[in-house]
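Notes follow the structure.
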Amino acid sequence: MGRKSDARGEEVTVSDLKGIYALWYREVKVFQRERSRVVSSIINPLLWLLIIGGGLGSVLSFGGVNYQSFIYPGVLVQAALFSAVFFGVYIVWDKKIDFLKEVLVSPMSRTSIFIGKILGGSTDTLLQSFILLIVGYLFEATGILTGITFSLLSVALSIVFLVMTTIGLVSIGLIIGSQMESPEGFQLVVSFLIFPMFFLSGALFPIENLPGWLSPFVMFNPATYSVDGLRGTLVGLNRFSLGLDFLVITAFSVVMILIGTYAFRKMRL
Amino acid sequence: MHIIETRNLTKRFNSLTAVDNLSLQIEEGEIFGLLGPNGAGKTTTLMMLTTLIPPTSGTAIINGFDIVKAPDQVRKSIGIVFQDPSSDETLTGYENLKLHGLLYDMDNELREQRIQEVLTLVELTERQHDAVKKYSGGMRRRLELARGLMHHPKILFLDEPTLGLDPQTRGHIWVYVRKLAVEEHITIIITTHYMDEADRLCDRLAIVDQGKIVALGPPEKLKKDLGGDIIRLRGKNGQFEELRGLDFVKAVRSREGDVYITVKDASIHLQEVLNRVGKVDSVEVRPLTLEDVFLHYTGRAIRDGSPEGGWAEKAMHAGRR
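Those protein sequence lines, which keep their order, are chains A and B.
According to my numbering, the first sequence is numbered sequentially starting from 1101.
According to my numbering, the second sequence is numbered sequentially starting from 1021.
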């Protein structure tokens, strides 16, 4: 079996470039037409920022930064986490409505299909991240948030962190999606994954003085390094060096891409 | 050279053998049908031929390429219309076709030209910029037919192309398929469990049951081999031994007070049959159908519960006693 499926072309060839573009094009078109998806993906993070952040912000601040501004980078990661991983559900739907067969039966290699899917999903998620960055900037400019640095450099660095994080997270969603038969099953598995990832990332609390039992979970969580990197960039509060944050996130994304490529090759309909 | 040749093609799912040592040849330009009940192995065969699943053993050569050793080349040679809709309904018809052209790495100019050509062929030019979710079932199937053809495949696979469509739309699809075979000079492989579809559309048929071919040939020949017409006599009993001896009588069966006589050609032989059996309450004549052919080779009706199938099945069982 293994050898037989290896006979499929697995490398990305020039002839696959248009196909990769096609997969991206489809995601972007669908995203454009389902505006409600964009709106709902923005509303949820804003609720966290304004209600949890605003509520606790009246009594809390960390490292001289108001709580609301403190969790702003965490909310960026949270938004990316939820929409990127949940993007994987579309591959489960594709299996159901059979669009996936149309792609799998084309001459494109599985690796190229995976890359096209990552690009499509990352574009959706990053678009939403950009909107949240703009919202953050407007809040800062109008005084709703304070202590956040929006400079060319900080925004550029934030985008780098968000891009690397998103690629890894979209891959996780696609890996799970490629293995699942039903959207319900996908949601169940993903919920068990992303809620702990969110709560253990330090998005909502500082990670300097955690209880001993909690610390390992937080340190092992790739999202922790995204939050730390973004918080360092935007608010100036980081536990690790930005270089280490970047390295960990990049390594995480590379590993996820490798696993995802493998999962797509083995994917059954 | 055959455009498709399967060699002992086999697929097992655990203990179930879905396709059992299938060996057949299909010629270029044919409309070839795989006819059989649900679960006969038609779709599994199609999935193997289109490289979506690997065979357990054996292989097939498609357009000169081995499905196991050169699946990429095979995929470039074929087009497929799946049983379930596989177009993106959020996108327009045009966009779905454009995606297809991109997936097959078509040259941009050729792609745009082909999109309009195939849209004209299936008469969807006017609706090309509407979202697919606004299409009717028949329009959607036509769009997928057009899509399957876009990249000039040598072979087009159609998996139950008219499943779930109303009779009028089915008729339209048949017309399109015929037209495609002629205008695009391609080989078309159809799976179906509709007798009328197999009968009217296919040049040649393989009747499959439990993963095996039970009969192979043009629909007319398959029916002729078994006789031409069935005469049903009511209100008659007896064995009619004298009828069995006649050279134009293929079979005689009696069941529940009715007698079923299979003859070469009822228009010629009905009178003689009636002369020999004497007075009857009523006579009914119908041509032999593929249903009867299927029944003959498998002992079962394709669709249980259908009036005609039930009718013929009873006759069959009577004959076996």
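We treat Cβ as the ideally placed atom computed from N, Cα and C, and that holds for glycine.
Chain B within 8 Å of residue i, Cβ atoms only
i         : result
A/ARG1135 : no
A/PRO1283 : no
A/MET1208 : yes
A/VAL1205 : yes
A/ILE1215 : no
A/LYS1366 : no
A/TYR1237 : no
A/ALA1184 : no
A/GLY1221 : no
A/ASP1198 : yes
A/TYR1362 : no
A/ARG1331 : no
Cβ-Cβ distance between residue i and residue j below 8 Å
i         : j         : result
A/THR1266 : A/ALA1363 : no
B/ASP1179 : B/VAL1101 : yes
A/VAL1271 : A/MET1367 : Checking the sequence, you will find Ser at residue 1271 of chain A rather than Val. Not closer than 8 Å, so no.
A/GLY1221 : A/PHE1199 : no
B/ASP1285 : B/GLY1237 : no
A/SER1431 : A/LEU1146 : Examination of residue 1431 of chain A is not possible in this model, given that chain A is present from 1101 through 1369 alone.
B/ASP1312 : B/ARG1254 : no
A/GLN1132 : A/GLY1153 : no
B/THR1076 : B/VAL1088 : no
B/LEU1308 : B/ILE1250 : yes
B/ILE1210 : B/ILE1051 : yes
B/ARG1162 : B/VAL1152 : no
B/ASP1278 : B/ARG1252 : yes
A/LEU1377 : A/ILE1120 : The requested residue 1377 of chain A is not part of the displayed model; chain A covers only 1101 to 1369.
Helix, strand or coil at residue i according to DSSP, with G and I counted as helix
i         : result
A/GLY1312 : coil
A/PHE1352 : helix
B/GLU1276 : coil
B/HIS1213 : coil
A/PHE1286 : helix
B/GLN1133 : helix
B/VAL1293 : helix
B/VAL1300 : coil
B/ILE1233 : strand
B/GLU1025 : strand
Exposure label - residue i; buried when at least 16 CB within 10 Å
i         : result
A/ILE1349 : buried
A/LYS1201 : buried
A/ILE1276 : buried
B/PRO1105 : buried
B/HIS1205 : exposed
A/ASP1116 : buried
A/VAL1203 : buried
B/GLU1304 : exposed
8 Å contact criterion, which residue i and residue j should meet: CB distance rounded
i         : j         : result
A/GLY1174 : A/THR1249 : The Cβ separation is near 16 Å, so there is no contact.
B/LEU1042 : B/THR1065 : 6 Å
B/LEU1055 : B/ILE1227 : 5 Å
B/VAL1138 : B/MET1170 : 5 Å
B/LEU1111 : A/LYS1129 : 6 Å
B/ALA1060 : B/ASP1245 : Not confirmed; about 20 Å, so no contact.
Beta carbon proximity, residue i to chain A, threshold 8 Å
i         : result
B/SER1307 : Reading off the sequence, residue 1307 of chain B comes out as Pro, not Ser. Cβ-Cβ to chain A under 8 Å: no for B/PRO1307.
B/PHE1102 : yes
B/TYR1124 : yes
B/LEU1111 : yes
B/ALA1235 : no
B/LEU1119 : yes
B/ASP1229 : no
B/THR1064 : no
B/LEU1026 : The sequence given here has Thr at residue 1026 of chain B, not Leu. It does not: the Cβ of B/THR1026 has no partner Cβ on chain A nearer than 8 Å.
B/PRO1105 : yes
Cβ of residue i within 8 Å of any chain E Cβ
i         : result
B/GLU1115 : Going by chain labels, chain E is absent from the structure shown, which instead holds the protein chains A and B.
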